[in-house]
Amino acid sequence: MTPDAPRLPGPSRPARTTRADALLDAAIAVVADTGLRGLTHRSVDARAQVPAGSASYYFRTRVALLQAILQRLIDLDAADSAAYLPFADEASAQATDLTGMAAGWARLFAHWLGPGRQRLRARYALYLEGRHHPELHELLDTASAQFVGGARELLAAAGAPDPDRDGPLLVALLDGLLYDQIIRGGPGVDEAELRRRIEVILGAVLPHLARWGVP
Numbered sequence: 001m002t003p004d005a006p007r008l009p010g011p012s013r014p015a016r017t018t019r020a021d022a023l024l025d026a027a028i029a030v031v032a033d034t035g036l037r038g039l040t041h042r043s044v045d046a047r048a049q050v051p052a053g054s055a056s057y058y059f060r061t062r063v064a065l066l067q068a069i070l071q072r073l074i075d076l077d078a079a080d081s082a083a084y085l086p087f088a089d090e091a092s093a094q095a096t097d098l099t100g101m102a103a104g105w106a107r108l109f110a111h112w113l114g115p116g117r118q119r120l121r122a123r124y125a126l127y128l129e130g131r132h133h134p135e136l137h138e139l140l141d142t143a144s145a146q147f148v149g150g151a152r153e154l155l156a157a158a159g160a161p162d163p164d165r166d167g168p169l170l171v172a173l174l175d176g177l178l179y180d181q182i183i184r185g186g187p188g189v190d191e192a193e194l195r196r197r198i199e200v201i202l203g204a205v206l207p208h209l210a211r212w213g214v215p
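Residue 108 in UniProt numbering sits at position 108 of the sequence shown, and the numbers go up by one each step.
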């Protein structure tokens with residue numbers, strides 16, 4: 001019996017601990033270290049320290065492997081968001097002030113820039129280099145739409161006047177903060193400074209909440 005084919009990005013799935021996941025985590029490490037140019041089935045097998053041919057058994061083609069990597073990143077990011085953000089549902093977002101939102105995002109970003117740093121580097125490599133691979137355009141667009149959709153839902157729950165307009169802006173600003181830390185920041189993470197910067201961003205996008213403590 002052959003394994004199920006990787007699926008397009010969609011709603012997050014429960015965390016799994018399977019051989020396929022171990023291979024995908026190894027593939028993420030390869031992409032983080034070498035970019036897409038270093039990603040082969042053989043390099044994944046070597047990083048995972050499994051017999052040759054293991055990656056190609058689960059992911060028959062390079063496109064299938066790339067699809068599965070992207071889905072794995074989406075699933076892990078969704079699990080982190082649920083664990084670190086105190087406003088994962090609409091009711092919580094309505095009851096959370098700007099300072100509370102910033103604190104949650106700062107904890108999440110500190111995790112991504114610390115233990116999750118390799119995964120973050122792989123995600124940016126996929127987005128930057130993936131644009132040169134037409135077969136990935138739809139996947140990347142779908143993944144981006146999920147992030148923007150989540151931002152719009154958060155803004156709507158927080159009472160923003162125009163979530164459709166400002167959702168993409170919020171994603172761009174927060175993603176830019178992460179990207180700047182990956183490109184120019186050192187290995188250490190200053191969570192207090194992350195929180196301050198996120199408060200400034202949220203205060204700009206949610207001015208009606210700014211009275212809760214934007215510096």
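Yeah, the Cβ is synthetic: ideal placement off N, Cα and C, and Gly gets one too.
Being a predicted model, the structure only gives us computed values, none of them experimental.
For residue i, count neighbouring Cβ atoms within 10 angstroms of its own Cβ and tell me buried if that reaches 16, exposed if not.
i, result
"glycine 149", "exposed"
"glycine 188", "exposed"
"alanine 192", "exposed"
"isoleucine 183", "exposed"
"arginine 37", "exposed"
"aspartate 141", "exposed"
"glycine 167", "buried"
"threonine 18", "exposed"
"aspartate 77", "buried"
"alanine 143", "buried"
"alanine 145", "exposed"
"aspartate 164", "exposed"
Can you list, in chain order, the residues of its chain with a C-beta nearer than 7 Å to that of residue i? Leave out the 5 residues immediately preceding and following it.
i, result
"leucine 66", "Leu136"
"alanine 102", "Arg195, Ile198, Glu199, Leu202"
"serine 43", "Val30"
"tyrosine 84", "Gly104, Arg107, Leu108, His111"
"threonine 2", "Only weak support is given to the placement of threonine 2: the predicted model assigns it a pLDDT of 36, under 50, and the value that follows is read from those uncertain coordinates. Excluding sequence neighbours, threonine 2 sits near nothing in its chain."
"residue 254", "Beyond the ends of the chain as shown, which are 1 and 215, falls residue 254; an answer cannot be given."
Distance check for residue j and residue i, CA to CA, integer angstroms please.
i, j, result
"glycine 116", "alanine 22", "16 Å"
"isoleucine 69", "leucine 24", "6 Å"
"arginine 107", "leucine 202", "15 Å"
"glutamate 153", "leucine 206", "13 Å"
"histidine 133", "arginine 47", "24 Å"
"leucine 155", "leucine 139", "25 Å"
"glycine 100", "arginine 60", "45 Å"
"aspartate 162", "tyrosine 58", "44 Å"
"residue 216", "glycine 176", "Any answer about residue 216 is impossible in this case: the structure gives the chain only from 1 up to 215."
"isoleucine 28", "phenylalanine 147", "20 Å"
Tell me where the alpha helix (DSSP H) around residue i begins and ends.
i, result
"glutamate 129", "117-130"
"arginine 195", "191-205"
"histidine 111", "98-113"
"residue 245", "Because the chain in this structure spans residues 1 to 215, residue 245 falls outside the shown range and cannot be described."
"arginine 37", "That residue, arginine 37, is in no alpha helix (DSSP H); it is neither H nor E in DSSP."
"glycine 149", "137-157"
"leucine 65", "62-84"
"alanine 55", "54-58"
Excluding the five sequence neighbours on either side, which residues of its own chain have a C-beta within less than 6 Å of the C-beta of residue i, listed in chain order?
i, result
"leucine 39", "Val30, Val31"
"histidine 41", "Ala55, Ser56"
"leucine 113", "Gln181, Val189"
"alanine 151", "Gly167, Leu170, Val171"
"glycine 130", "Leu136, Leu140"
"glycine 185", "none"
Going along the chain, which residues of its own chain have a beta-carbon closer than 8 Å to the beta-carbon of residue i, five neighbours each way excluded?
i, result
"tyrosine 179", "Tyr124"
"alanine 204", "Leu173"
"leucine 126", "Val31, Leu36, Leu66, Ile69, Leu70, Leu73, Leu136, Leu140"
"proline 215", "Confidence in proline 215 is poor, its pLDDT being 42 and thus under 50, which makes the residue's placement too unreliable to answer from."
"threonine 34", "Ser43"
At a cut-off of 6 Å, would you count residue i as near the ligand PLP, judging by its Cβ distance to the nearest heavy atom?
i, result
"leucine 108", "As presented, the structure is devoid of all ligands, the ligand PLP included, so that no description of it is given."
Between residue i and chain B, is any beta-carbon pair separated by less than 7 Å?
i, result
"leucine 173", "In the structure shown, chain B cannot be found, because there is only a single protein chain."
Quiz item: Per the contact definition of three or more C-beta pairs closer than 8 Å, is the region 118-133 in contact with the region 48-55?
Solution: The region 48-55 makes no contact with the region 118-133; the number of CB pairs closer than 8 Å stays below 3.
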